[in-house]
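*Asks:* Quick one: structure below, then a few questions.
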Amino acid sequence: MKKILLLLLSLIPSAAFSQVTFADSTANLEVRAIRSGSPVAVVDMNGDGLDDIVCLDSLHLLYIHYQLPDTAVFNSEFIAGLEGVKWSICVADADANGYNDIFTGGENDGLYLVRASNDGSSYTASVINSPAIFLQGSNFVDIDNDGDSDLFACNNDGLSLPLFNDGMGNFTPNYSLLNPVSTIPSDNSGNLGSVWTDYDNDSDLDLYIAKGSPDVDDPTDGRRLNLLFRNDGIGFLEIASQAGLQPLGQSRAADFADIDNDGDLDCFIINNDINNTLHLNLGNGLFIDITLASNLLSALNGIGPGVNAKFADFDNDGHIDLLYTSLGSDHALLLNNGNNTFTKAVAPFPGAPRRIQSAAVGDLNNDGFLDVYASFGFDYFQTSNEIDRLFINNGNANHYFKTRLKGVASNPNGIGARLELYGSWGKQIREIRSGEGYGVMNSYTAHFGLGASTAIDSLIIRWPSGNVDFLTNPPADTTLFIEEGDYCLPNSGFQFTRASLTVNFLGGGDAGVADWQWDFGDGQTGNGRQVSHTFPDDGTYTVCLSTSGSCGQAEFCTDITVSCFPPLSDFIYATDGLDVSFENLSVGDPTRYLWEFGDGETSTEVSPNHGFDTTGLYFVCLTSFNDCGSSTVCDFIQGSCGNVTTAFDYDAGGLSVQFIDYSSAGTNDWQWNFGDGTTSTEENPFHDFPMTGSYQVCLNISGVCGQGQYCRTVEVSCPPPVASFTTIPDELDIVFQDTSANEPTTWLWNFGDGSASTQEVPLHTYAVPGTYTVCLLAGSPC
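Residue numbers for the sequence shown follow our numbering, so the first one is 40 and each next one is one higher.
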């Protein structure tokens with residue numbers, strides 16, 4: 040689905056684009072007496088494409104301010120009263136019904152999911168079934184990339200909590216998604232702010248956690264060492280120290296953005312006991328600290344300990360600025376000068392009654408300039424007497440471009456998507472996130488400032504699914520709605536696994552691929568997404584996959600080397616007298632085995648057990664086979680006598696019992712006494728007992744290693760017959776057929792005319808017609 044919203048603006052040129060000011064527009068809110076504290080959100084809640092406001096009055100009364108089209112006015116709606124004090128908020132369409140749901144929580148008082156109805160007209164709050172945690176920052180994010188938005192919850196008091204989404208909006212704790220333990224062993228507490236971002240440009244999301252523990256003074260303590268979990272596509276590895284993102288401070292939050300438009304994301308970290316730090320991404324997975332050179336120390340001097348930081352282009356000049364909120368004496372808006380330095384804006388929020396403690400950012404009058412919803416408080420969890428304020432950007436003559444996304448193969452909100460906007464400025468990058476910094480939520484709409492430019496070369500969207508949309512010359516000063524696949528870029532690729540000369544292929548490509556054609560480079564071809572091919576010989580082959588579909592045609596080729604080697608046979612063994620257990624250690628993908636035990640016996644089991652009949656030295660060989668040949672390994676094994684073990688087991692079926700001898704190898708004589716007056720000399724005899732009961736069965740053995748006896752009680756039981764029969768009449772002649780259950784062995788028929796029979800299937804002739812009562816007594820030893 041493609042939709043472009045055009046907004047015509049009457050713009051007055053400004054001589055000082057670098058200055059940014061906001062107007063206090065709180066009066067535009069229907070309900071204004073709201074005091075949120077820290078957790079606030081700006082996000083479209085009703086699907087009309089306009090940013091709305093989600094807030095928690097007194098930190099537990101949930102409200103939504105809905106932005107009305109073509110106005111700067113908001114309707115306000117009370118949603119729910121939640122228990123406890125809430126510290127964090129994030130929003131996403133968790134159940135994929137087209138409307139966003141709200142996640143929030145606090146100090147061990149339950150993690151809440153406030154779910155929108157299927158028509159978006161109402162909300163239902165419920166507590167997620169999970170361990171109690173002290174929630175700090177939180178995020179919706181598709182951790183396992185299955186198309187559903189999972190949850191990540193920072194825990195102040197212990198290990199942070201990943202929650203798996205089953206696709207229906209039901210969440211369960213699951214540490215197989217990610218186990219966010221501290222590198223330095225600790226109780227894993229102190230997790231405050233979290234950001235999911237692709238810092239290394241490898242098309243999967245990494246996780247950065249800002250950590251702090253006010254009661255811990257040691258800067259190397261695991262409870263306050265920031266963590267960077269690098270996603271390599273298979274799992275997560277913690278590398279904050281190696282990457283240069285561990286400032287050894289009491290950190291509270293962080294944000295990632297491309298401050299120099301060089302194509303990778305840089306990092307700002309709020310530290311409450313040392314200077315805040317700005318880290319430049321070198322593009323090779325490493326960061327360097329440029330705080331001093333950036334003028335941030337001077338710009339933030341005297342501001343106070345930070346709560347939240349948000350990178351965004353507030354003056355639309357094409358360079359990312361930084362909004363900084365605090366618990367100190369002031370807040371700050373730091374404008375990017377375009378040369379990795381920042382200048383503090385002068386009084387950008389003239390209506391603010393005091394310093395802004397927390398804020399969320401979005402376009403709250405849909406004019407292409409970013410606005411701020413601000414909250415105030417005395418502490419992280421205490422509101423002040425000041426009501427929240429809505430600050431509308433006064434704007435300037437610069438241009439903009441905005442994009443809203445809808446995932447198809449990816450999660451519905453497109454969380455984790457990366458947008459690259461190309462033009463005269465070079466390249467700008469935005470990421471779609473849910474939940475940022477210290478418990479706030481900013482708009483899903485990707486916003487780009489264009490400066491004086493009105494021409495855009497192209498837009499590339501890299502979706503979490505791996506799909507890519509490519510749009511040329513999108514119009515400036517518009518909001519573009521893009522559904523995954525609207526502008527899909529054809530691409531092809533595949534994965535493979537090798538087993539000798541056989542290779543299993545799995546084709547990939549763009550979302551529109553409908554046909555996969557393979558050329559294996561050996562004169563053979565194939566079709567279908569998943570194929571298996573066996574190459575004729577060792578060598579290197581150029582394998583090509585051609586894909587076609589709604590996005591167009593693409594081809595991907597790569598060299599694959601296959602080698603065919605016979606397996607390498609190996610085994611170990613353990614002896615117990617003449618009994619030997621073998622463990623097969625062969626490698627090289629064997630497909631079958633042959634064991635030769637040196638006594639004329641063989642086996643094709645993988646790891647057999649074998650008993651020798653006599654003592655001696657045996658030459659045991661294992662041969663392993665695959666399509667490329669075979670190999671044999673042999674070893675001498677000494678068969679010697681140990682302790683003689685006598686044992687047996689049995690399998691009873693009614694009165695019939697199968698006995699199985701498990702005595703030591705080397706046994707050559709078996710004497711069974713079944714306890715009913717009968718005996719046997721077989722190794723594994725089958726015996727019929729005369730009746731039910733308990734029998735003391737004894738086995739006496741002898742052999743090359745000695746003698747032994749084993750006795751045990753054998754319970755023999757069977758159900759009695761259940762009599763039944765059918766008849767086949769022929770005038771006065773009637774055939775009676777026994778259909779009794781449980782295998783009777785005797786029959787007594789009473790035909791009702793004074794006659795009887797003991798046959799199983801008797802034929803009886805009645806003297807005269809009439810009605811007779813016939814009885815059958817079926818009997819057995821049971």
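Every residue, glycine too, gets a C-beta built ideally from N, C-alpha and C.
CB T784 to CB V755, shorter than 7 angstroms?
*Replies:* Their beta carbons are not under 7 angstroms apart, which means T784 does not touch V755 by this criterion.
*Asks:* So what does DSSP say about S280, is it helix, strand or coil?
*Replies:* Residue state, collapsed to three classes: helix.
*Asks:* Among residues of its own chain, excluding the 5 on either side of D294, which ones have a beta-carbon nearer than 7 angstroms to its beta-carbon?
*Replies:* Here the set comprises V234, F307, A348, K349, F350, E475 and G476.
*Asks:* With DSSP run on the structure shown, which of helix, strand or coil describes S602?
*Replies:* Reduced to three states, the DSSP call for S602 is coil.
*Asks:* Within 10 angstroms of the Cβ of M480, are there 16 or more other Cβ atoms? Answer buried if so, exposed if not.
*Replies:* Buried: at least 16 other Cβ atoms inside 10 Å.
*Asks:* Beta strand (DSSP E) containing S365: first to last residue?
*Replies:* Taken as a continuous stretch (DSSP letters only), the beta strand (DSSP E) holding S365 covers D360 to S365.
*Asks:* Around the Cβ of P729, are there at least 16 other Cβ atoms within 10 angstroms (buried) or fewer (exposed)?
*Replies:* The residue is exposed, with fewer than 16 neighbouring Cβ atoms inside 10 Å.
*Asks:* Whose C-beta lies closer than 7 angstroms to the C-beta of G658 among residues of the same chain, with five residues either side of it excluded?
*Replies:* A small fix is needed here, since residue 658 is Phe in this sequence, not Gly. Within the same chain, F658 has close Cβ partners G637, C673 and F675.
*Asks:* Could you pull out every unbroken beta strand (DSSP E) segment of at least 3 residues lying fully inside the region 612 to 688, listed in chain order?
*Replies:* You should have 618 to 623, 631 to 635, 648 to 650, 655 to 665 and 668 to 678.
*Asks:* Counting pairs of beta carbons, one from the region 424 to 433 and one from the region 502 to 515, are three or more of them closer than 8 angstroms?
*Replies:* Too few Cβ pairs lie closer than 8 angstroms, so no.
*Asks:* Could you check what DSSP says for L304 in three-state terms: helix, strand or coil?
*Replies:* The answer is coil: DSSP assigns L304 none of H, G, I, E or B.
*Asks:* Just mark E600 as buried or exposed, buried being the case when its beta carbon has 16 or more other beta carbons within 10 Å.
*Replies:* Note that residue 600 corresponds to Thr in the displayed sequence, not to Glu. Classification for T600: exposed.
*Asks:* Let's test the definition: count the other Cβ atoms within 10 Å of the Cβ of I699 and tell me whether it reaches 16, buried, or not, exposed.
*Replies:* Classification of I699: exposed, given that the 10 Å Cβ count is below 16.
*Asks:* Examine the Cβ distances between the region 569 to 583 and the region 542 to 561 and report whether three or more of them are shorter than 8 angstroms.
*Replies:* The region 569 to 583, when compared against the region 542 to 561, does touch it at the 8 angstroms Cβ threshold.
*Asks:* Which residues does DSSP pair with G149 in a beta bridge?
*Replies:* The partner list for G149 (beta bridge, DSSP) is empty, contrary to what the question assumes.
*Asks:* I'd like to check one pair, V124 with G145: are the Cβ atoms closer than 7 angstroms?
*Replies:* Yes, they are a contact pair.
*Asks:* Which of the three DSSP states, helix, strand or coil, is assigned to S290?
*Replies:* DSSP places S290 in strand when its eight states are reduced to three.
*Asks:* By a C-beta neighbour count over all protein chains shown, 10 Å radius and 16 as the cutoff for buried, is D360 buried or exposed?
*Replies:* Per the 10 Å Cβ criterion, buried.
*Asks:* Quick one: grab the DSSP three-state call for A338.
*Replies:* Looking at A338 - three-state DSSP - the assignment turns out to be helix.
*Asks:* What residue range does the beta strand (DSSP E) around E754 cover?
*Replies:* It spans G745 to V755 - the beta strand (DSSP E) in which E754 sits, taken as one unbroken run.
*Asks:* Residues in its own chain within less than 7 angstroms of G446 by CB, not counting five upstream and five downstream?
*Replies:* So the list reads N452, G453, W502 and E523, once near-sequence residues are dropped.
*Asks:* Measuring CA to CA, which of S670, R269, N334 and E69 is closest to L246?
*Replies:* Residue R269 is the option with its Cα nearest to L246.
*Asks:* Run the CB neighbour count on I51, radius 10 Å, all protein chains shown included, and call it buried at 16 or more, exposed below.
*Replies:* The pLDDT assigned to I51 is 30, lower than 50, so where the model puts this residue is not dependable, and the model offers no usable value.
*Asks:* Can you grab the Cα-Cα spacing for the pair Y749 / F651, in whole Å?
*Replies:* One C-alpha to the other measures close to 21 angstroms.
*Asks:* Return the first residue and the last residue of the beta strand (DSSP E) that V130 is part of.
*Replies:* Run containing V130: K125 to A131, per the beta strand (DSSP E) assignment.
*Asks:* Please determine, among T717, R751 and I740, the residue with the shortest C-alpha to C-alpha distance to S29.
*Replies:* Residue coverage of the chain in this structure runs from 40 to 821, which leaves residue 29 outside it and unanswerable.
*Asks:* Taking all protein chains shown into account, do 16 or more other C-beta atoms lie within 10 angstroms of the C-beta of M84, making it buried, or fewer, making it exposed?
*Replies:* Buried, by the Cβ-count rule.
*Asks:* Between the C-alpha atoms of S620 and L661, what's the straight-line distance to the nearest angstrom?
*Replies:* The straight-line gap from Cα to Cα measures roughly 13 angstroms.
*Asks:* Look at the alpha carbon of E722 and the alpha carbon of C680, and state the distance between them as a whole number of angstroms.
*Replies:* Roughly 20 angstroms between the two C-alpha positions.
*Asks:* Can you give me the C-alpha to C-alpha distance between L68 and Y461, rounded to a whole angstrom?
*Replies:* Whole-angstrom Cα-Cα distance: 37 angstroms.
*Asks:* DSSP three-state call for T518: helix, strand or coil?
*Replies:* Strand.
*Asks:* Given S602, which residues of its chain have a CB within under 6 angstroms of its CB, disregarding the five upstream and five downstream residues?
*Replies:* Answer for S602: D577, listed in chain order.
*Asks:* Rounded to the nearest angstrom, how far is the Cβ of I223 from that of L264, given a contact under 8 angstroms?
*Replies:* Going by Cβ atoms, the distance from I223 to L264 rounds to 6 angstroms, so yes, they are a contact pair.
*Asks:* At a cut-off of 6 angstroms, is P758 close to the ligand ZN when judged by its beta-carbon and the heavy atoms of the ligand?
*Replies:* The ligand ZN is absent from the structure shown, which contains no ligands of any kind.
*Asks:* Mind pulling the beta strand (DSSP E) runs of 3 or more residues that sit fully within the region 210 to 288?
*Replies:* Whole beta strand (DSSP E) segments, 3+ residues: 210 to 212, 230 to 236, 245 to 250, 266 to 270 and 275 to 277.
*Asks:* Measuring CA to CA, which of V683, I767 and Q592 is closest to Y701?
*Replies:* Of the listed residues, the one whose Cα sits closest to Y701 is V683.
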